[in-house]
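The structure appears below as structure tokens.
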Amino acid sequence: MAQVLVLVEHVDGAVRKSTLELLTLARRLGEPAAVLVGDDAGAAVDALAEHGASTVYTVPSGEVTEHLVAPTAEVLAQLVASAAPAAVLLPSSPDGKEVAARLAVRTSSGLVTDAVDVELEDGAVTTTQSVFAGSYSVRARVTRGTPIVTVKPNSVAVEAAPVTATTEAVTVSLSPAATSARITATTARERSGRPDLAEAAVVVTGGRGTNGDFTPVETFADSLGAAVGASRAAVDAGWYPHANQVGQTGKTVSPQLYVAAGVSGAIQHRAGMQTSKTIVAVNKDGEAPIFDLVDFGVVGDLFAVLPQAAEEIGRRRG
Amino acid sequence: MRIVVCIKHVPDAQAERGFTEPDATTDRVGVDGLLSELDEYAVEEALKLREAGDDVEVVVLTMGPEGAADAVRKSLQMGADSGVHVCDDAIAGSDAPATSLVLAAAVEKIGDVDLVLTGMASTDGVMSVVPAMLAERLGRPQVTFASELTLDGATVTIRRDGDASTQTVQAALPALASVTDQINEPRYPSFKGIMSAKKKPVETWGLADLGVDPSDVGLSAAWTTVVAVTPRPPRSAGEVVTDEGDGGTRLAAFLAEHKFV
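If you read the protein sequences in the order shown, they are chains H and P.
If you use the working numbering, the first sequence corresponds to residues 1 to 318, in order.
If you use the working numbering, the second sequence corresponds to residues 1001 to 1261, in order.
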């Protein structure tokens, strides 16, 4: 069975959930082979093998991580040439999409971004995407080269499938063009202690209706163990960091539960959350377009509704 | 110094967007188009660099059907110096690799381009891949998703905000940069800008002018194919209640009923 390359996302060796989702999908297409860029592979290899990666290609970080995107694309192109995989799966992050873009051009291969599902149909890798702010579902196939697919977080439930992994060290030789954009500094973002926005099962987002006070949004989010998001209006007003923005120019989220508090629901916002499983809104304006999407809505003041709900949830949880 | 800003004319996201039959390409005729909102940030950044620098020329570049000239005009009204519109029937239905092929050829033909600027994504395809593809084809360093950009002599430096960290990325010119909506506040065209735009030069090129083989672009050359397009079923109307002092309790009850508590 042909290999399916999966580009691993990890933070200091801790493999991200999105990678485990990619491995789960890769098993439908062939034999998962993880590509791990990093120097201390140990713990990561265990997690990858636990989820079906029978091969782990290890790539020393050095030059690869000191430069933006292009070196990783060259490493993958090298592996596409040597392993002739059935497909390459990458995370739909900015880095993942740009690596995929360069890899596609380099290997003359078709590329699908932001897939929410990948399966084998009539022997062909077939993807599903949600487009035009979630108003259409598109199924597509790659017709040239090696299918390269970036997949959104939360597209599939992670399933373990333990195997014994063989690690294979990759010798990297980079072109001068690949090392022309140097990363000169990296500042880690402050951790909020809450779940990662793109991967969270529950997301609570605050908008213009917060008037800059996110306390009720955060308190309510914490009662559910949720990630906190912010609408573009709230971010533009400087009320919440851009890293938390949900919408067209921020994160696209697809959680089990999405709660929009004081968010009107402009098309740019809907583009980022419309595929959420259950949608709840709290807004003073009963005419707000967000109410067209909801499974449950409360027309009311978020400063009254959210604290009461958080208290009731706390009480129910004892 | 010459800056080329790549821009795209897209269907208005506020309108009911859709596909054309039977080839499942984006409907660019039945829906009003406009300059992709995210490209305005790239045009603005180029204009700021011109204002801050000496002898900086800003050229906007687009490819697309006749209507795409509107996007060029809007950029000229904002203040760009000249425009190039690649317009050729054979381009219709091009995928991202073909788009980057045509744009790369046009950048080469414009010539002596120190910096290529783009938006972070188009508002129709939203792939965010053309900038990286263009850099790959041009053999230029890419400094992309810039929320801050500075030029110092022949060096471009950007701030790239990622999920877990913020990076500073540096490259020597000639380079390619894409900018996010965090980088600036795009200006509105002034009355003077609108009037003077009418006199600014716009060149229209076909594939033959670029030496691009028509069989390498367009729908038939796309490296992906659409199998099916399905409108998303409308969400069934949910329950909306008005808070009468018990809104929070009812919300919690809904969440408990659906096993979120």
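Even glycine gets a Cβ: it sits at the ideal position worked out from N, Cα and C.
Nearest neighbour of residue i, chosen from the options [CA to CA]
i                       : options                           : result
residue 1217 of chain P : P:1167, P:1260, P:1096 and P:1138 : P:1096
residue 1155 of chain P : H:242, H:181 and H:142            : H:181
residue 1030 of chain P : P:1024, P:1017 and P:1038         : P:1017
residue 48 of chain H   : H:94, H:166, H:271 and H:183      : H:166
residue 1204 of chain P : P:1171, P:1093, P:1064 and P:1161 : P:1064
residue 19 of chain H   : H:51, H:1 and H:31                : H:51
residue 1199 of chain P : P:1068, P:1083 and P:1005         : P:1083
residue 81 of chain H   : H:126, H:146, H:230 and H:95      : H:146
residue 274 of chain H  : H:8, H:116 and H:133              : H:133
residue 245 of chain H  : H:262, H:206, H:224 and H:219     : H:206
residue 1161 of chain P : P:1259, P:1038 and P:1183         : P:1183
residue 1053 of chain P : P:1001, P:1102, P:1073 and P:1028 : P:1001
residue 1014 of chain P : H:218, H:248, H:46 and H:122      : H:248
residue 1058 of chain P : P:1003, P:1197, P:1088 and P:1038 : P:1003
residue 1236 of chain P : H:90, H:236 and H:294             : H:294
residue 121 of chain H  : H:142, H:130 and H:101            : H:142
residue 208 of chain H  : H:6, H:100, H:239 and H:192       : H:239
Residue-chain proximity (residue i, chain P), Cβ-Cβ < 7 Å
i                      : result
residue 291 of chain H : yes
residue 242 of chain H : yes
residue 148 of chain H : no
residue 136 of chain H : yes
residue 181 of chain H : yes
residue 27 of chain H  : no
Minimum Cβ-Cβ distance from residue i to chain H less than 7 Å
i                       : result
residue 1077 of chain P : no
residue 1165 of chain P : yes
residue 1036 of chain P : no
residue 1102 of chain P : no
residue 1243 of chain P : yes
residue 1228 of chain P : yes
residue 1129 of chain P : yes
residue 1063 of chain P : no
residue 1249 of chain P : yes
residue 1168 of chain P : yes
residue 1239 of chain P : yes
CB of residue i within 7 Å of CB of residue j, strictly
i                       : j                       : result
residue 1062 of chain P : residue 1124 of chain P : no
residue 1165 of chain P : residue 189 of chain H  : yes
residue 241 of chain H  : residue 203 of chain H  : no
residue 1229 of chain P : residue 1024 of chain P : yes
residue 1239 of chain P : residue 296 of chain H  : yes
residue 1234 of chain P : residue 136 of chain H  : no
residue 114 of chain H  : residue 92 of chain H   : yes
residue 4 of chain H    : residue 124 of chain H  : no
residue 1169 of chain P : residue 279 of chain H  : no
residue 110 of chain H  : residue 1224 of chain P : yes
residue 1041 of chain P : residue 1181 of chain P : yes
residue 1100 of chain P : residue 1134 of chain P : yes
residue 1102 of chain P : residue 1113 of chain P : no
residue 332 of chain H  : residue 54 of chain H   : Residue numbering for chain H in the displayed model covers 1 to 318; residue 332 of chain H lies beyond these limits and cannot be assessed.
residue 251 of chain H  : residue 197 of chain H  : yes
residue 1072 of chain P : residue 1043 of chain P : no
residue 79 of chain H   : residue 56 of chain H   : no
residue 237 of chain H  : residue 194 of chain H  : no
residue 1128 of chain P : residue 97 of chain H   : yes
Cβ-heavy atom distance, residue i to the ligand NAP, below 6 Å
i                     : result
residue 69 of chain H : Absence of the ligand NAP from the depicted structure is noted, as is the absence of any ligand whatsoever, leaving it without description.
Write down every uninterrupted run of the beta strand (DSSP E) in the region 1102-1170 of chain P whose length is 3 residues or greater and which is fully enclosed by it, in chain order. 1115-1119, 1142-1152 and 1155-1161
May I ask you to verify whether the region 308-315 of chain H touches the region 1001-1016 of chain P, counting CB pairs closer than 8 Å and requiring at least 3? no
Could you tell me whether the region 103-119 of chain H touches the region 71-81 of chain H, where touching means 3 or more Cβ pairs closer than 8 Å? yes
Write down every uninterrupted run of the beta strand (DSSP E) in the region 40-74 of chain H whose length is 3 residues or greater and which is fully enclosed by it, in chain order. 55-59
State whether the region 1066-1081 of chain P contacts the region 1143-1157 of chain P, with contact taken as three or more CB pairs (one from each stretch) at a distance under 8 Å. no
For the 8 Å Cβ check, are there 3 or more pairs between the region 148-156 of chain H and the region 24-34 of chain H? yes
Using 8 Å as the Cβ pair cut-off and three pairs as the minimum, do the region 37-47 of chain H and the region 8-23 of chain H touch? yes
Would you call the region 296-311 of chain H in contact with the region 1240-1254 of chain P, where contact means no fewer than 3 C-beta pairs closer than 8 Å? yes
Is the region 261-272 of chain H touching the region 285-293 of chain H, taking contact as three or more C-beta pairs under 8 Å? yes
If you pair each beta-carbon of the region 1106-1118 of chain P with each one of the region 199-218 of chain H, do three or more pairs fall below 8 Å? no
Restricting to runs no shorter than 4 residues, where is the alpha helix (DSSP H) found entirely within the region 1173-1219 of chain P? 1191-1197 and 1207-1210
Any contact of the region 54-72 of chain H with the region 132-147 of chain H, i.e. 3+ C-beta pairs under 8 Å? no
Should the region 1130-1149 of chain P be called in touch with the region 1170-1180 of chain P, which here means at least 3 C-beta pairs below 8 Å? yes
Quick check on the DSSP output: what are the complete beta strand (DSSP E) runs of length 3 or more inside the region 267-308 of chain H, in order along the chain? 278-283 and 296-299
Any chance the region 111-127 of chain H sits against the region 1104-1115 of chain P, with 3 or more Cβ pairs inside 8 Å? no
Check whether the region 170-178 of chain H touches the region 222-231 of chain H, counting contact only when three or more Cβ pairs, one atom from each stretch, lie closer than 8 Å. no
Could you give the uninterrupted runs of the beta strand (DSSP E) lying entirely in the region 212-264 of chain H, keeping only those of 3 residues or more? 227-230 and 257-261
Do the region 1031-1051 of chain P and the region 251-265 of chain H make contact, defined as three or more Cβ pairs closer than 8 Å? no
Output the residue ranges of the alpha helix (DSSP H) runs that lie fully inside the region 130-186 of chain H and measure 4 residues or longer, sorted by chain position. none
Every unbroken beta strand (DSSP E) inside the region 1052-1087 of chain P [3 residues or more]: 1057-1063 and 1082-1086
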